[in-house]
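Q:
Number of protein chains: 2
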Amino acid sequence: MDTKKKVSLAVIRRLPRYFRYLSDLLQMDITRISSKELSARMGITASQIRQDLNCFGGFGQQGYGYNVESLYKEISNILGLNNDYTTIIIGAGHMGQALANYGNFEKRGYKLIGIFDVNPELVGRKIKDIEISHMDTLEDFIKNNKVDIAMLSVPFEQTRCVADKVAGLGIKGLWNFSPMDLKISYDVVIENVHLSDSLMVLGYKINEKLKESKQQKTIKTSKHSK
Amino acid sequence: MDTKKKVSLAVIRRLPRYFRYLSDLLQMDITRISSKELSARMGITASQIRQDLNCFGGFGQQGYGYNVESLYKEISNILGLNNDYTTIIIGAGHMGQALANYGNFEKRGYKLIGIFDVNPELVGRKIKDIEISHMDTLEDFIKNNKVDIAMLSVPFEQTRCVADKVAGLGIKGLWNFSPMDLKISYDVVIENVHLSDSLMVLGYKINEKLKESKQQKTIKTSKHSK
Chain P
135 MDTKKKVSLA
145 VIRRLPRYFR
155 YLSDLLQMDI
165 TRISSKELSA
175 RMGITASQIR
185 QDLNCFGGFG
195 QQGYGYNVES
205 LYKEISNILG
215 LNNDYTTIII
225 GAGHMGQALA
235 NYGNFEKRGY
245 KLIGIFDVNP
255 ELVGRKIKDI
265 EISHMDTLED
275 FIKNNKVDIA
285 MLSVPFEQTR
295 CVADKVAGLG
305 IKGLWNFSPM
315 DLKISYDVVI
325 ENVHLSDSLM
335 VLGYKINEKL
345 KESKQQKTIK
355 TSKHSK
Chain W
135 MDTKKKVSLA
145 VIRRLPRYFR
155 YLSDLLQMDI
165 TRISSKELSA
175 RMGITASQIR
185 QDLNCFGGFG
195 QQGYGYNVES
205 LYKEISNILG
215 LNNDYTTIII
225 GAGHMGQALA
235 NYGNFEKRGY
245 KLIGIFDVNP
255 ELVGRKIKDI
265 EISHMDTLED
275 FIKNNKVDIA
285 MLSVPFEQTR
295 CVADKVAGLG
305 IKGLWNFSPM
315 DLKISYDVVI
325 ENVHLSDSLM
335 VLGYKINEKL
345 KESKQQKTIK
355 TSKHSK
């Protein structure tokens, strides 16, 4: 399979969604699916699906559809889901605890091995059998354990400093929940989660819907008044 | 300005990011910016920026750049950020509490007016001056208050049932944090947040980077061996 071609990040960002739907299909013992059927399930146009999936090979056969299992495996490979990453959470406040309790990450191969905070009320408590450690022990922990990813759920003003510290210790990826586009000088991969972006998109959709229904009412009213 | 043209959802999803960067520029008293400069800051290609911003009018002038303030205002309008939505949180576990404590939403015009849970240990406690109410009171609350958006942070297996309930009570939008693409029969706008999608993209980027550095090492080694 030719996957040497560089796949654009826009396509990559859609892959986890394909992965989830294909995973559901496999669980339902569906072995083949056309782009049209997949389109109806996912709410993406069939042409977008064909275009996306063509980017890394193109498994679809005209009149035959996609082989669900091989597509699922290929997307898992591209996303590196067979790699088994280790993660730590820095900041065990509400967001940190929510992340620690989120069962889906482990299922995808992201294993949580440490949780850190400075708050004496949190340090020593356990979440899912992992004791929250003091930040003072972070450096030793990273030196003694292979840690791939740090999930950062620390207060805004401390984010950059903490990010610099863990990146300096050789962590490969940062998953940042502070509302900022974190950029640091170290050679580390960063994925920023902006929760409010998603809320703004929801607001936009509501706004559009209200506009549409107002227009429809106006049309109806003007028809009646004729 | 002609914004009647339907803007694609892919562009809409990028608008909050433009909005954030423009907001930063305004705070720095920068009044004009070229697509090239904006590209350098945002890490998006200049041609993508021009293409995106052209979708709803096109404020850029050749050799002069974009007017930051008018672009900021237009994007705010498109995203409906001047609308002031009211929100409630259903499910006051860690994720619900993290959402309640997230300061950025209110700044964007999303006002939290209620929090609900069934857990007797949580009901009656206050988060940011809002008392957590029992789910039994939810129906009356929605009937007596204008509630635009429900943020759902309830356990997976209860999500559909809760979503059906609030949608039936006339809520306009659902912001869902359960790991599922929630679809319900009611006429309600849904935005699903899949945290693990973002983590998978981070995993992909780490994987790509490792592959690249391995390739570079191979090239170096083969050069040395010549």
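Each protein sequence line maps, in turn, to chains P and W. Basically the working numbering = 1-based index in the first sequence + 134. Basically the working numbering = 1-based index in the second sequence + 134. C-beta atoms are modelled at their ideal positions from N, C-alpha and C, and glycine is treated no differently.
(1) For a quick check, are the C-beta atoms of I249/P and Y219/W less than 9 Å apart?
(2) Look at the alpha carbon of S168/W and the alpha carbon of D270/W, and state the distance between them as a whole number of angstroms.
(3) Could you give the first and the last residue of the continuous beta strand (DSSP E) run that contains A232/P?
(4) In terms of DSSP beta bridges, what is R166/P paired with?
(5) For L344/P, collect the residues of the same chain with a Cβ closer than 7 Å to its Cβ; drop the 5 residues on either side in sequence, then sort them by chain order.
(6) Starting from F239/W, find everything on chain P with Cβ-Cβ shorter than 9 Å and list it in chain order.
(7) List the residues of chain P that D282/W touches, going by C-beta distances under 9 Å, in chain order.
(8) Could you tell me whether any Cβ in chain P is nearer than 9 Å to the Cβ of M135/W?
(9) For S181/P, which of helix, strand or coil comes out of DSSP?
(10) Can you give me, in chain order, the residues of the segment 301 to 327 of chain P that have a beta carbon less than 7 Å from any beta carbon in chain W?
(11) Per DSSP, what kind of secondary structure is T137/P in: helix, strand or coil?
(12) M135/W to F153/W, Cα distance in whole Å?
(13) Less than 6 Å between C-beta atoms, sequence neighbours within five positions excluded: which residues of the same chain meet that for T165/W?
(14) In its own chain, which residues sit with a C-beta less than 6 Å from the C-beta of F275/P, not counting the 5 before and 5 after it?
(15) What residues are listed by DSSP as bridge partners for K245/P?
(16) Could you list which residues in chain W have their beta carbon closer than 7 Å to that of A232/P, in chain order?
(17) Across which residues does DSSP place S157/W in a beta bridge pair?
(18) By DSSP, does G258/P sit in helix, in strand, or in coil?
(19) Just list the residues that DSSP pairs L286/W with in beta bridges.
(20) If contacts are defined as beta-carbon pairs under 8 Å, then V322/P and L303/P qualify, I think. What distance do you get, rounded to the angstrom?
(21) Have a look at L172/W and I146/P and give me their C-alpha separation to the nearest angstrom.
(22) Do F311/W and M229/W have their beta-carbon atoms positioned less than 9 Å apart in this structure?
(23) Quick one: grab the DSSP three-state call for I305/P.
(24) Can you pull the chain P neighbours of K343/W, defined as C-beta to C-beta under 8 Å?
(25) Evaluate S267/P with the Cβ neighbour count: other Cβ atoms within 10 Å of its Cβ, from every protein chain shown; 16 or more gives buried, anything less gives exposed.
(26) Who does V323/W pair with in a DSSP beta bridge?
(27) Using a Cβ cut-off of 9 Å (strictly closer), state whether R166/W contacts chain P.
(28) Whole angstroms is fine: what's the gap from I183/W's alpha carbon to L316/P's?
(29) I need the straight-line Cα distance from V141/W to C189/P, nearest angstrom please.
(30) With a cut-off of 9 Å, does the C-beta of M176/P fall near any C-beta of chain W?
(31) Please report the residue range of the alpha helix (DSSP H) in which I276/P lies.
A: Well, looking at it:
(1) Here residue 249/P refers to the residue found at position 115 when the first sequence is read from its first residue. Here residue 219/W refers to the residue found at position 85 when the second sequence is read from its first residue. Cβ distance not < 9 Å, so I249/P and Y219/W don't count as in contact.
(2) Taking the first residue of the second sequence as 1, we reach residue 168/W at position 34. Taking the first residue of the second sequence as 1, we reach residue 270/W at position 136. Their backbone Cα atoms lie some 54 Å apart in a straight line.
(3) As a working mapping, residue 232/P is identified with position 98 in the first sequence. Where A232/P is concerned, there is no enclosing beta strand (DSSP E), although the alpha helix (DSSP H) it sits in stretches over H228 to N235.
(4) Stepping through the first sequence from its first residue, residue 166/P is reached at position 32. The secondary-structure analysis by DSSP pairs R166/P across a beta bridge with N201/P.
(5) Here residue 344/P refers to the residue found at position 210 when the first sequence is read from its first residue. Residues of the same chain with their beta carbon placed closer than 7 Å to that of L344/P are lacking, with the five preceding and five following residues left out of the count.
(6) In the second sequence, counting from the first residue as 1, residue 239/W sits at position 105. Those are L329, S330 and L333, listed as they occur along chain P.
(7) Position 148 of the second sequence, counted from the first residue, corresponds to residue 282/W. When 9 Å is used as the limit between beta carbons, D282/W is near these residues of chain P: G337 and I340, in chain order.
(8) Here residue 135/W is taken as the residue at index 1 of the second sequence, counted from 1. Model confidence at M135/W stands at a pLDDT of 41, short of 50, so the residue's coordinates are unreliable; what they give is reported in the following sentence. Closer than 9 Å: no.
(9) In the first sequence, counting from the first residue as 1, residue 181/P sits at position 47. Three-state DSSP puts S181/P in a helix.
(10) Under the 7 Å Cβ criterion, the segment 301 to 327 of chain P contributes K306, G307, W309, P313, V323, E325 and V327.
(11) The residue given as residue 137/P occupies position 3 in the first sequence. Because T137/P sits at a pLDDT of 44, beneath the cut-off of 50, its placement in the model cannot be relied upon, and the point is left open.
(12) Within the second sequence, the letter at position 1 stands for residue 135/W. Within the second sequence, the letter at position 19 stands for residue 153/W. Low confidence applies here, because M135/W scores a pLDDT of 41, under 50, leaving its location unreliable; read the following figure in that light. If I take the Cα positions, the gap works out to 18 Å.
(13) Taking the first residue of the second sequence as 1, we reach residue 165/W at position 31. Answer for T165/W: V202, listed in chain order.
(14) Working through the first sequence from its first residue, we reach residue 275/P at position 141. Contacts found: G248.
(15) Looking up residue 245/P in the first sequence gives position 111. T220/P.
(16) Within the first sequence, numbered from 1, the residue matching residue 232/P stands at position 98. For A232/P, the residues of chain W that pass the 7 Å Cβ criterion are H228, M229 and A232, in the order they occur in the chain.
(17) As a working note, residue 157/W is residue 23 in the second sequence. S157/W is not bridged to any residue.
(18) Mapped onto the first sequence, residue 258/P falls at position 124. Residue state, collapsed to three classes: coil.
(19) Position 152 of the second sequence, counting from 1, holds the residue named residue 286/W. Answer by DSSP bridge pairing, in chain order: I224/W and N310/W.
(20) For the purposes of this step, residue 322/P is taken as the residue at position 188 of the first sequence. For the purposes of this step, residue 303/P is taken as the residue at position 169 of the first sequence. Actually they do not touch by this definition, with Cβ atoms about 10 Å apart.
(21) In the second sequence, residue 172/W corresponds to position 38, counting from 1. In the first sequence, residue 146/P corresponds to position 12, counting from 1. Cα-Cα distance, rounded: 23 Å.
(22) Counting from 1 along the second sequence, the entry for residue 229/W is found at position 95. Counting from 1 along the second sequence, the entry for residue 311/W is found at position 177. Closer than 9 Å, so yes.
(23) Your numbering for residue 305/P matches position 171 in the first sequence. In the three-state DSSP reduction, I305/P falls in the coil class, being neither helix nor strand.
(24) Reading the second sequence from its first residue, position 209 is the one you call residue 343/W. Neighbourhood of K343/W in chain P, by CB distance below 8 Å: K306 and V323, in chain order.
(25) Mapped onto the first sequence, residue 267/P falls at position 133. S267/P counts as buried, since no fewer than 16 other beta carbons sit within 10 angstroms of its beta carbon.
(26) To locate residue 323/W, count along the second sequence from 1; it is residue 189. According to the DSSP secondary-structure assignment, V323/W is paired through a beta bridge with G307/W.
(27) The residue given as residue 166/W occupies position 32 in the second sequence. Taking a beta-carbon distance threshold of 9 Å, R166/W does not count as an interface residue toward chain P.
(28) Position 49 of the second sequence, counted from the first residue, corresponds to residue 183/W. Position 182 of the first sequence, counted from the first residue, corresponds to residue 316/P. Taking the straight line joining both Cα atoms gives about 20 Å.
(29) Position 7 of the second sequence, counted from the first residue, corresponds to residue 141/W. Position 55 of the first sequence, counted from the first residue, corresponds to residue 189/P. Between V141/W and C189/P, the alpha-carbon positions lie close to 25 Å from each other.
(30) Your numbering for residue 176/P matches position 42 in the first sequence. M176/P counts as touching chain W.
(31) Start at 1 with the first residue of the first sequence, and residue 276/P comes out as number 142. L272 to N278 is the span of the alpha helix (DSSP H), which, as asked, contains I276/P.
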